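Numbering (my numbering), first residue to last: 189 to 320.
Below: the structure, in structure tokens.
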Ligand code: HEM
């Protein structure tokens with residue numbers, strides 16, 4: 189199991205749902221993104237978005253797999269939504285910060301290196317996708 193998967197397992201064992209804190213921090217850091225979710229009347233879009241971002245994170249190690257392809261496609265889709273690539277990738281740093289806080293003393297060096305590797309891979313996928 190990757191360090192990222194271990195950290196999500198840790199949250200589920202603690203019965204923690206990180207969604208509200210992740211979006212609260214994202215909107216605090218990027219207030220201009222909040223109006224972009226105007227269609228999300230019941231929170232279903234935000235829930236599905238986080239689910240897909242987590243699924244992509246858990247499948248990131250396969251450079252040609254589902255996860256890498258989703259991130260490559262979504263960074264372009266999000267540019268059309270008005271979300272800049274650097275803001276897009278910041279979502280993973282926000283997910284890490286919240287997961288680390290909510291794992292507390294159970295956060296491990298393997299989780300730390302797993303997330304560092306994930307964020308480096310996301311940066312590389314986005315850079316490759318946006319390079320003409
Ligand atoms: C700060 C970063 C991000 C912002 C501001 C953002 C913003 C948005 C917005 C406004 C929508 C809804 C658009 C609509 O009304 O249809 C959306 C949908 C979506 N986003 Fe993001 N996004 C971010 C990062 C990501 C990341 C990292 C992923 C996945 C790798 C992702 C995957 C998706 C998916 C799959 C949807 C469609 C959800 C659905 O319609 O059910 N987003 N995003």
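C-beta: ideal position from N, C-alpha, C; glycine also.
Bear in mind that the values here come from a model prediction, so they are computed numbers and not experimental data.
Using a threshold of 8 Å, state whether the C-beta atoms of residue i and residue j are closer than that.
i, j, result
"residue 275", "residue 221", "yes"
"residue 282", "residue 214", "yes"
"residue 235", "residue 207", "yes"
"residue 294", "residue 198", "yes"
Short of 6 Å in beta carbon distance, which residues of its chain neighbour residue i, apart from the five on each side in sequence? Order them along the chain.
i, result
"residue 280", "307 and 310"
"residue 299", "191, 194 and 195"
Once you ignore the five residues that flank residue i on each side, which residues in its own chain have a CB closer than 8 Å to its CB?
i, result
"residue 246", "190, 192, 193, 196 and 255"
"residue 224", "269, 270 and 271"
"residue 240", "258 and 262"
"residue 172", "Coverage of the chain is limited to positions 189 through 320, which leaves residue 172 absent and any answer about it impossible."
So is residue i buried or exposed if we call it buried at 16+ other beta carbons inside 10 Å?
i, result
"residue 313", "buried"
"residue 291", "buried"
"residue 297", "exposed"
"residue 262", "buried"
"residue 251", "exposed"
"residue 320", "exposed"
"residue 244", "buried"
Cutting at 7 Å between CB atoms, please list the residues of its own chain near residue i, excluding the five before and the five after it.
i, result
"residue 227", "233"
In terms of alpha-carbon separation, which member of the options lies closest to residue i?
i, options, result
"residue 242", "203, 210, 315 and 231", "210"
"residue 302", "289, 249 and 200", "249"
"residue 201", "235, 237, 316 and 287", "287"
"residue 305", "317, 294 and 284", "284"
"residue 204", "289, 315 and 231", "289"
"residue 318", "231, 267, 294 and 199", "267"
"residue 315", "293, 273 and 199", "273"
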